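Down below is the structure, laid out as structure tokens.
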Amino acid sequence: MNTLKTGPETEATTLGDPSLLPPETPLTSLKTIGHVFGGEFADAIGKVKAGAWTGPIASGFGLHIVRVSERREGRVPALGEVRDAVMREWSNDKRKQLESERLAALLKRYEVTVEGVPAAGAKK
6 MNTLKTGPET EATTLGDPSL LPPETPLTSL KTIGHVFGGE FADAIGKVKA GAWTGPIASG
66 FGLHIVRVSE RREGRVPALG EVRDAVMREW SNDKRKQLES ERLAALLKRY EVTVEGVPAA
126 GAKK
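According to this note's numbering, the sequence shown is numbered sequentially starting from 6.
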């Protein structure tokens with residue numbers, strides 16, 4: 006940690022133990038960080054001053070020395086920025102709804118019987 010305090014621009018990949026985790030994460034929401042590393046880790050990251058190294062911070066993967074390089078306030082995107090994703094989600098939801106309705110209509114026309122699997126060693 007002293008190396009990081011005296012040389013805050015030190016290349017992080019040259020320090021610490023080898024890991025399968027990426028040495029750097031692009032700008033990511035705290036919610037996403039919480040899903041990957043855990044809520045307590047995300048809460049701690051949310052309090053870190055941009056540009057400074059801090060830690061160790063515990064996650065399910067172990068202890069981490071972290072530097073938040075940039076912080077941006079969240080915002081609601083304009084529809085034009087998310088239109089494709091919204092249309093894709095709407096289309097998927099509509100498809101699932103139609104599939105459920107078709108299955109329900111089929112089930113009304115047929116009698117469905119689910120037979121149990123015979124117990125091991127039972128005679129047929």
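Cβ coordinates follow ideal geometry from the N, Cα and C atoms, glycine included.
Just so it is clear, the structure is predicted and the values come from calculations on it, not from any experiment.
Per DSSP, cross-strand counterpart(s) of residue i
i	result
residue 69	62
Beta carbon of residue i nearer than 7 Å to that of residue j
i	j	result
residue 71	residue 79	no
residue 24	residue 42	no
residue 39	residue 47	yes
residue 90	residue 73	no
Expected contact under 8 Å - CB spacing of residue i and residue j to nearest Å
i	j	result
residue 32	residue 77	7 Å
residue 26	residue 66	6 Å
Residue i CB to nearest heavy atom of the ligand ATP below 6 Å
i	result
residue 73	In the structure shown, the ligand ATP is absent, as is every other ligand, since no ligand is present at all.
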